Amino acid sequence: MDENGDISEIKRLQTEINFHNYQYHVLNKPLISDYEYDMMLKKLHELEARHHHMITSGSPTQRAGAAPLERFVKVKHPAPILSLANAFNTADLSAWYERIVKLDPKVASSGYVLEPKIDGLTVVLRYEKGILVQGATRGDGEVGEDITTNIRTIKSVPLKIPVLHTGAEAPALLVVRGEVFIMREDFIKLNRTLEENGEKTYQNPRNTAAGSLRQLDPILTSARPLTFLTYAIVQSSDSMPATQWALLNYLKAFGFPVSDLCEPIDSFEQVLARTNAWVERRDAIPFEVDGLVIKLNDLRVADELGFVGKDPRGAIALKYPAREVTTILKDIGVNVGRTGVLTPYAIFEPVEVGGVTVKQATLHNFDFIAEKDIRILDRVLIKRAGDVIPYVIGPIIETRSGAEKPYAMPKVCPSCGQEVEHLAGEVAWYCVNLSCPAQLIRNLEHFVSRGAMDIVGMGIKIVEQLAESELVKDVADLFRLTKEDLLMQEGFAEKKADNLIDAIRAAKQQPLSRLIIGLGIRGVGEVAAADLADNFNDLAELSQTTTIRLQQIEGFGPNTADAIVDWFARPSNQALIYKLKSLGVWPSANQGSRSSKRWYLDGKVFVITGTLPTLSREEAKEFIEQNGGKVTDSVSKKTDYLVLGENAGLKLDKAVSLGVARLDENGLKELIARLEKNNG
Ligand code: IVH
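When we follow the numbering used here, the leftmost residue of the sequence shown carries the number 228, and every step to the right adds one.
This is how it looks when you write it as structure tokens:
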């Protein structure tokens, strides 16, 4: 192609690629395939390499083309970059309205625009003759930092404002304000990739966006999935639209991304009526929002109202309750579970988050503490979203004073002092002392619980009393208790003792499947126990079985089979079975153990995440399947419910972004109970 042909081809490609960028990154409506896009960009790179003078800053080849900076240069903003006053409830909103309508009665007929309060970073972008010439951070509102090279890497930021079909051109000078942030789904993907590569994950989208914008090397910024939305004009050489709604449409027409959640509202009463819907839709918005912004639509009225400090009177933010807060980690405690697993938990300086005061949260396991480098006295970020149990995201390293102490996991069980052990390939550490008091209490608690032997009236307090008094050293000892034993305990009178003895006696009649559940064998919940009771006559027969025989039962994999055989192989457990038999706790099969599979959940697809309060993952799975549901590993559009426990992670974020219904353990049980009732 000749020189002139090349030049016009370069111009055509620049315009066309910028247009497709806009279709893809601003409108989310790509018109061509990624391949076609890449081919065009490649062609443009080749042509520009031959005609250097055509490489303008508005060219799409120049998004991440700059060399790393030494430092950021300061930028004076053309007008103060104001912030917003906060309202925390509708009463605050009404007070705001009353104040401003008193100052200017025109407020009453101004109208409003509701906008999402995007939880990102403010940026100020300067366009001269339609070309992006500068991007800056907010800084102190007067002076920010020049982050142009980083801003240019964000694909939804127009590098060049197109001429409109109407012939209208961008003003000679246009300075816009907007928010840079990361979409929730992009954040999940980013962390998943980091996790897969064994790298440290990010804490939340906002901090990640902030860190990415302040990278000196634009290549690093371009690797982060940053995005951008505009909502204000700071300065313009042309006359500006008279209303906020017209202004948003004006920005949109010139190719700027504007949130499609923005809505015009006529009256203040309607604003109040809409706030609930905004609060409810919070999780359905694909990016983090920390509130909603209410702006007077008439910008002249808004201007005339002036400011209080740095807050314009003509707009206000209705803040959502914070879901992430920081607090001091005072100490780390360790719980000993039924199977001897040691679980560390955080003890906080009490803090309010999402409407409740939080004092403790699980830390999951010791690897988690090490990976996140959580130290005692650290300031930690904790999150509580919706009904999810609070969890620790990680420490705020920047606030360390030097007084923080790295955590050393206990070498011995905090309950019995026995040295802790670790199975190869497992994250968990165990106390393997079978007479460890903490384990005994958890074991007894499980044995007497509703899903197992169902000993009515035997709560945690009584279990602890009996274990501490050493009257009960294993679950079989419960059946040795006499009324006199109980009367010696604090809080027992005749009637209470009689009732409990009756309940213990009644439990002897429980079917074999319930006794098997009560033994607390790892991986053996309601469904597996019913299967075992169907296949073996009594505990003696079961204790003689092999892993091969067990794996012939449908649904029994090698792990559960091994766990069962291991459990019965332990001499202490053999002694326990013998003891149960001698005490008459010896149900045999076919005492009505098994109910046939029920179909209440009708093939509904569930995903389980986090630690549930009473059911293990395996038990929850069995419970769902027993009721006709399906359980899969990852959240997708096909998922009907996400069952949430403590420490729910990325699956929760994914479910939120896909609008998948969420249940906690109780919610799951209630759902099944409700369906059961409806089905008679
Ligand atoms: S308007 C005078 N609109 O919230 C204009 N701000 O303190 C004042 N923000 O850091 C800002 N979404 O960056 C406005 N739709 C929105 C916004 C928004 C997020 C941020 C803004 C500022 C903070 C308010």
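Glycine included, C-beta positions come from ideal geometry on N, C-alpha and C.
A quick note: this is a predicted structure, and the numbers were derived from the prediction, not measured.
| query | Tell me the DSSP bridge mates of phenylalanine 408? | reply | Translated into the one-based positions of the sequence shown, residue 408 becomes position 181. Answer is Thr454, bridged to phenylalanine 408.
| query | Which same chain residues, not among the five before or five after aspartate 331, have their C-beta less than 7 Å away from its C-beta? | reply | In the sequence shown, counting from the first residue as 1, residue 331 sits at position 104. Once the five neighbours on either side are set aside, the close Cβ partners of aspartate 331 are Val528, Glu531, Leu532.
| said: So, for histidine 673: in the same chain, excluding its five sequence neighbours on each side, which residues have a beta-carbon less than 8 Å away from its beta-carbon? | reply: Counted from its first residue, the sequence shown places residue 673 at position 446. These residues qualify, in order along the chain: Arg565, Ala679, Gly745, Gly747.
| message | Suppose only complete runs of 4+ residues qualify. What are the alpha helix (DSSP H) ranges in the segment 289-346, listed by chain order? | response | 317-330
| said: Would you say the beta carbon of isoleucine 609 is closer than 7 Å to some non-hydrogen atom of ligand 1? | reply: Here residue 609 is taken as the residue at index 382 of the sequence shown, counted from 1. It does not: the Cβ of isoleucine 609 is nowhere closer than 7 Å to a heavy atom of ligand 1.
| task | Kindly give me the distance between the Cβ atoms of isoleucine 308 and valine 360, rounded to whole angstroms, as I take these residues to be in contact under 8 Å. | result | Translated into the one-based positions of the sequence shown, residue 308 becomes position 81. Translated into the one-based positions of the sequence shown, residue 360 becomes position 133. Not confirmed; about 18 Å, so no contact.
| field | Unbroken alpha helix (DSSP H) run spanning tryptophan 656, endpoints | value | By one-based count along the sequence shown, residue 656 stands at place 429. Per DSSP, tryptophan 656 belongs to no alpha helix (DSSP H); it is in the beta strand (DSSP E), 656-658.
| In chain order, which continuous runs of the alpha helix (DSSP H) of length 4 or greater are located wholly inside the segment 569-608? | 593-599
| query | Using a Cβ-Cβ cut-off of 8 Å (strictly less than) and excluding sequence neighbours within five positions of lysine 586, which residues of its own chain qualify? | reply | Position 359 of the sequence shown, counting from 1, holds the residue named residue 586. Excluding positions up to five away in sequence, the list reads Ile574, Phe575, Pro577.
| DSSP bridge partner residues for asparagine 562 (one or two, in chain order) | Counting from 1 along the sequence shown, the entry for residue 562 is found at position 335. Its beta-bridge partners are Thr570.
| message | For arginine 501, which residues in the same chain have their Cβ closer than 7 Å to its Cβ, ignoring the five residues on either side in sequence? | response | Against the sequence shown, residue 501 aligns to sequence position 274. Here the set comprises Leu341, Ile492.
| field | Run of the alpha helix (DSSP H) containing glutamine 778, from where it starts to where it stops | value | Start at 1 with the first residue of the sequence shown, and residue 778 comes out as number 551. It spans 774-778 - the alpha helix (DSSP H) in which glutamine 778 sits, taken as one unbroken run.
| task | Taking all protein chains shown into account, decide if glycine 541 is buried (16 or more other Cβ within 10 angstroms of its Cβ) or exposed. | result | As a working note, residue 541 is residue 314 in the sequence shown. By the neighbour-count rule (16 or more Cβ atoms within 10 Å), glycine 541 is buried.
| said: If I follow the unbroken beta strand (DSSP E) through glycine 232, where does it start and stop? | reply: The residue labelled residue 232 in the question sits at position 5 within the sequence shown. It is not in any beta strand (DSSP E) - glycine 232 instead sits in the alpha helix (DSSP H) that spans 230-248.
| Along the chain, which unbroken stretches of the beta strand (DSSP E) at least 3 residues long are found entirely within the segment 366-402? | 370-372
| query | chain B beta carbons: is any one of them nearer than 8 Å to that of arginine 509? | reply | This model lacks chain B altogether, as it is built from one protein chain only.
| message | With a threshold of 7 Å on Cβ separation, who are the neighbours of glycine 357 within its own chain once the five nearest residues in sequence on each side are excluded? | response | Sequence index remark: in the sequence shown, residue 357 carries index 130 (1-based). Lys387, Ile388, Glu396, Ala397, listed in sequence order.
| task | Go to leucine 869, then tell me how far its beta strand (DSSP E) extends in each direction, as first and last residue. | result | Position 642 of the sequence shown holds residue 869. That run of the beta strand (DSSP E) goes 868-871.
| query | In terms of alpha-carbon separation, which member of Arg353, Thr288, Tyr339, Leu258 lies closest to tryptophan 472? | reply | Translated into positions along the sequence shown, residue 472 becomes position 245. Of the candidates Arg353, Thr288, Tyr339, Leu258, the one whose C-alpha sits nearest the C-alpha of tryptophan 472 is Tyr339.
| message | Based on DSSP bridge pairs, tell me the residues matched to glutamate 355. | response | Taking the sequence shown and counting its residues from 1, one reaches residue 355 at position 128. DSSP lists Ile358, Leu400 as partners of glutamate 355.
| Rounded to a whole number of angstroms, what is the C-alpha to C-alpha distance between glutamine 442 and threonine 376? | Here residue 442 refers to the residue found at position 215 of the sequence shown. Here residue 376 refers to the residue found at position 149 of the sequence shown. Looking at the two C-alpha atoms, the distance is approximately 10 Å.
| Contact between the segment 709-726 and the segment 676-695 (3+ Cβ pairs under 8 Å) | yes
| request: State yes or no: is the C-beta of valine 647 within less than 8 Å of the C-beta of leucine 759? | output: On the sequence shown, position 420 is the one that residue 647 refers to. On the sequence shown, position 532 is the one that residue 759 refers to. Not closer than 8 Å, so no.
| task | Please classify serine 884: is it buried, with 16 or more other beta-carbons within 10 angstroms of its beta-carbon, or exposed? | result | To locate residue 884, count along the sequence shown from 1; it is residue 657. Label assigned to serine 884: buried.
| field | Contact the segment 510-525 vs the segment 535-550: 3+ CB pairs below 8 Å | value | yes
| said: Using C-beta distances below 6 Å, list every residue in its chain close to glycine 285, excluding the 5 sequence neighbours before and after it, in chain order. | reply: In the sequence shown, counting from the first residue as 1, residue 285 sits at position 58. Closer than 6 Å at the Cβ level, and outside the excluded window around glycine 285, lie Ile358, Leu386, Lys387.
| field | Inter-stretch contact at 8 Å, needing at least 3 Cβ pairs: the segment 878-893 / the segment 849-865 | value | yes
| request: Taking only heavy atoms of ligand 1 into account, decide whether any of them is closer than 7 Å to the Cβ of serine 439. | output: Translated into the one-based positions of the sequence shown, residue 439 becomes position 212. Every heavy atom of ligand 1 is 7 Å or more from the Cβ of serine 439, so no.
| In three-state DSSP terms, what is isoleucine 616? | The residue labelled residue 616 in the question sits at position 389 within the sequence shown. It is coil, neither helix nor strand.
| Contacts around histidine 272, its chain only, beta-carbon distance under 6 Å, and the 5 residues preceding and following it disregarded | The residue you call residue 272 lines up with position 45 of the sequence shown. Taken in chain order, the residues that qualify are Thr288.
| request: Indicate whether lysine 632 and leucine 608 have their beta-carbon atoms separated by less than 8 Å. | output: Taking the first residue of the sequence shown as 1, we reach residue 632 at position 405. Taking the first residue of the sequence shown as 1, we reach residue 608 at position 381. Going by C-beta atoms, lysine 632 is not nearer than 8 Å to leucine 608.
| field | Cut-off 7 Å between Cβ atoms - residues of its own chain near alanine 306, not counting five sequence neighbours on either side | value | Taking the sequence shown and counting its residues from 1, one reaches residue 306 at position 79. Excluding residues within five positions, the ones whose Cβ falls inside 7 Å are Val461, Gln462.
| task | Give the single residue among Leu803, Ser235, Leu769, Ala802 whose Cα lies nearest to the Cα of aspartate 789. | result | Sequence index remark: in the sequence shown, residue 789 carries index 562 (1-based). Among Leu803, Ser235, Leu769, Ala802, the Cα nearest to that of aspartate 789 is on Leu769.
| request: Check whether the Cβ atoms of glutamine 737 and aspartate 701 lie closer than 8 Å to each other. | output: The residue given as residue 737 occupies position 510 in the sequence shown. The residue given as residue 701 occupies position 474 in the sequence shown. It is not a contact, given that the beta carbons lie outside the stated cut-off.
| message | Please report the straight-line C-alpha distance between leucine 177 and asparagine 800, rounded to a whole angstrom. | response | Outside the shown range of the chain, which is 228 to 907, sits residue 177, and nothing can be said about it.
| said: Going by DSSP in three states, histidine 278 sits in which element: helix, strand or coil? | reply: Here the question's residue 278 lines up with position 51 in the sequence shown. DSSP places histidine 278 in coil when its eight states are reduced to three.
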